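Residue numbers (the numbering used here): 8 to 121.
C-beta: ideal position from N, C-alpha, C; glycine also.
Keep in mind the model is a prediction, meaning the values are calculated, not measured.
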Amino acid sequence: MAPRPKRAAAKTSEAAPAKKVAKKASPPPKEEQPEPRKAAQIHSELGALAPEHSFSLVLNEDGKPRRGAFEISVAKAGESEKVLVWSGLPKGPPRKDKFPEAEAILADVLKALK
């Protein structure tokens with residue numbers, strides 16, 4: 008029996024084939040998390056509802072928050088003790104329940120400041 012002829016693919020494997028490197032698509036630019044926007048919105052609404060008080064907004068003072076966490080704490084100026092006014096951790100789904108309305112928490116905020 009005659010020997011078989013070598014395949015053409017075997018000849019190309021002897022030369023180092025160029026590897027194709029698949030480029031990963033860069034992820035779309037991260038949009039801001041809804042929490043900072045929502046926090047700024049609630050801050051401005053509280054300022055409008057109670058103009059006699061001066062509120063300052065501090066985001067994530069204790070470091071990076073847990074995913075999906077949205078809490079509002081209040082402290083008097085110059086004091087380090089914070090009072091938790093509202094927490095969205097036990098609330099939801101739906102997601103909209105995890106964020107308060109400014110009118111709903113205004114009484115609690117003013118009570119914590121007294």
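Helix, strand or coil at residue i according to DSSP, with G and I counted as helix
| i | result |
| --- | --- |
| Glu78 | strand |
| His50 | helix |
| Lys110 | A small fix is needed here, since residue 110 is Glu in this sequence, not Lys. Three-state DSSP puts Glu110 in a helix. |
| Asp69 | coil |
Contacting residues, own chain, Cβ-Cβ under 7 Å from residue i (five flanking each side not counted)
| i | result |
| --- | --- |
| Ile112 | Ile79, Val92, Trp93 |
| Ala109 | Ile49, Glu52, Leu53, Leu56 |
| Ala47 | Leu64 |
Beta-bridge pairing of residue i - partner residues as DSSP gives them
| i | result |
| --- | --- |
| Val90 | Val81 |
Rounded Cβ spacing between residue i and residue j (contact assumed at less than 8 Å)
| i | j | result |
| --- | --- | --- |
| Phe62 | Gly70 | The Cβ separation is near 22 Å, so there is no contact. |
| Lys105 | Gly75 | 7 Å |
| Pro107 | Ile49 | 7 Å |
Spatial neighbours of residue i in its chain, beta-carbon cut-off 8 Å, leaving aside the 5 residues before and after
| i | result |
| --- | --- |
| Lys89 | Ser80, Val81, Ala82 |
| Pro12 | none |
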